[in-house]
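In what follows, a single structure is set out as structure tokens and then discussed.
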Amino acid sequence: MPVCRRKVTVIGAGNVGATAAQRIAEAGVADVYLIDVVEGLPQGKALDLAESAPLQHHDQMIYGTNDYADTTESDVIVVTAGLARQPGMSRDDLLIKNAGIVRSVVSQAVHYSPDAIIVMVTNPLDAMVHVALETSGFPRERVIGMAGVLDSGRFRTFIAQDLGVSSSDVSAFVLGGHGDTMVPLPRLSTVAGIPLTELMKPERIEALVQRTRNGGAEVVALLKSGSAFYAPASSVLHMVDSILNDRKRVLPCAVLLRGEYKIDGLVVGVPIVLGASGVERIIEVALTEEEQAALQASAGSVRGLIETMQAAKS
Ligand code: TXD
Numbered sequence: 020m021p022v023c024r025r026k027v028t029v030i031g032a033g034n035v036g037a038t039a040a041q042r043i044a045e046a047g048v049a050d051v052y053l054i055d056v057v058e059g060l061p062q063g064k065a066l067d068l069a070e071s072a073p074l075q076h077h078d079q080m081i082y083g084t085n086d087y088a089d090t091t092e093s094d095v096i097v098v099t100a101g102l103a104r105q106p107g108m109s110r111d112d113l114l115i116k117n118a119g120i121v122r123s124v125v126s127q128a129v130h131y132s133p134d135a136i137i138v139m140v141t142n143p144l145d146a147m148v149h150v151a152l153e154t155s156g157f158p159r160e161r162v163i164g165m166a167g168v169l170d171s172g173r174f175r176t177f178i179a180q181d182l183g184v185s186s187s188d189v190s191a192f193v194l195g196g197h198g199d200t201m202v203p204l205p206r207l208s209t210v211a212g213i214p215l216t217e218l219m220k221p222e223r224i225e226a227l228v229q230r231t232r233n234g235g236a237e238v239v240a241l242l243k244s245g246s247a248f249y250a251p252a253s254s255v256l257h258m259v260d261s262i263l264n265d266r267k268r269v270l271p272c273a274v275l276l277r278g279e280y281k282i283d284g285l286v287v288g289v290p291i292v293l294g295a296s297g298v299e300r301i302i303e304v305a306l307t308e309e310e311q312a313a314l315q316a317s318a319g320s321v322r323g324l325i326e327t328m329q330a331a332k333s
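For what it's worth, my numbering labels the leading residue of the sequence shown as 20, then goes sequentially.
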């Protein structure tokens, strides 16, 4: 059988990028090319990670580079390049700065990997998916934002800790934009199939919903410099693994909607089937009026960011 090594390029060798590279290689999912604008940084981290391969028992290669030519024919491009949030800084403060960075890195990367699937990570996430769509010219199936996997992972953690059960048995449903307007849906969250609403009082659920919304900021406040990266890197691995192994996992991801959930032309987090061709299907569930209104508000805040970016360009 011919040997086919899969190739993932991770742009940005900072906290999320380097940890995602580690997770992807150690899971045996693909070879990883780590690229950054800072000379030596991706090479140093890649070398360190490569030297841990014999101890971690995997055979993936990890390379560091500053040259996009090395990333040619990547199957997946993970974009983490940008500035991270500092305490007191909102995701939206990052908007203009990171839009410029994302435009630059995506145009260089897709030049060498025109058939790749892009997984966006840089914040503000939903707006950066718009920038990546526009810059790459890729169809919406191949430009996917990572946020919902992280947000639902946080919600699952808090539910599991509160109930004293395994987080593997908790399934949590989160819709909407990444940020303060995310829409966790307790109604569709379960513990081993049992609706969460049967196991927890509404006030307790609401407290966990609030903690989930604030999940990123809670870590930022503790770290004092930089933002979360272990759980974000695990979330990236989940998505890359589902794509490269065609698992067709149902995951909440930020994708461009064209009428689904009554939203047109905006990137919003919704459940999708994620497989070898990227977004294989968007799963629509009937929402209550209140949930639909919360989702519309979330989409509205993404529209606001796009307008800010357009104003900055003109
Ligand atoms: O849920 C989510 N989507 C997120 C998003 C969860 C966690 C982090 N989130 C965002 O990802 C965060 O707000 C940032 O916008 C990115 C990356 O976060 P990270 O914590 O990894 O930031 P670092 O450690 O500062 O790393 C960023 C790297 C750093 O090495 C820079 O040198 C590099 O990006 N960088 C570039 N690389 C290549 N090309 C260019 N132009 C460039 N500019 C900066």
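A virtual CB, placed ideally from N, CA and C, is assigned to each residue, including glycine.
Computed from a predicted structure; not experimentally measured.
Taking residue i as the reference, which of the options has the closest Cα?
i: C272; options: L256, P290, L285; result: P290
i: G164; options: S333, V121, R42, Y131; result: V121
i: S187; options: A179, L194, E92; result: A179
i: V27; options: V255, V298, A330, V287; result: V255
i: P251; options: P61, V98, E326; result: V98
i: R322; options: R206, L215, V168, M147; result: M147
i: S171; options: P158, V162, V193, R42; result: V193
i: N117; options: M139, V129, E160, A135; result: M139
i: M201; options: E153, R24, H257, P143; result: P143
i: F157; options: S126, V184, F174; result: S126
i: V189; options: L169, A46, P214, G167; result: P214
i: L89; options: H77, S71, L53; result: Note that residue 89 is Asp in the sequence shown, not Leu. Cα-wise, what sits closest to D89 is L53.
i: V56; options: E70, Y87, D50, H77; result: Y87
i: A166; options: K64, A247, V51; result: A247
What do you reckon, are the CB atoms on residue i and residue j nearer than 8 angstroms?
i: A32; j: G107; result: no
i: V259; j: V292; result: no
i: P203; j: T176; result: no
i: E58; j: N34; result: no
i: I48; j: A39; result: Inspection of the sequence shows that residue 48 is occupied by Val rather than by Ile. Not closer than 8 angstroms, so no.
i: E279; j: E310; result: no
i: G288; j: G195; result: yes
i: L152; j: V168; result: no
i: G297; j: D265; result: no
i: M328; j: I115; result: yes
Check the DSSP bridge columns for residue i and list the partner residues they point to.
i: A273; result: G164, G288
i: S190; result: T209
i: K243; result: Paired residues: none, contrary to the question.
i: R266; result: None; R266 has no bridge partner.
i: T84; result: I54
i: I224; result: Answer by DSSP bridge pairing: none, since I224 is not bridged.
i: P278; result: Checking the sequence, you will find Gly at residue 278 rather than Pro. G278 is not bridged to any residue.
i: K26; result: D50
Quick test of your reading: residue i and residue j, contact by CB under 8 angstroms. State the CB separation rounded to the nearest angstrom.
i: V95; j: L263; result: 7 angstroms
i: A44; j: L68; result: 6 angstroms
Applying the criterion that 16 or more other CB atoms from any shown protein chain within 10 Å of the CB defines a buried residue, is residue i buried or exposed?
i: L74; result: exposed
i: T91; result: exposed
i: T141; result: buried
i: D134; result: exposed
i: G319; result: exposed
i: R173; result: buried
i: S317; result: buried
i: H257; result: buried
i: D145; result: buried
i: A240; result: exposed
i: P221; result: exposed
i: K332; result: exposed
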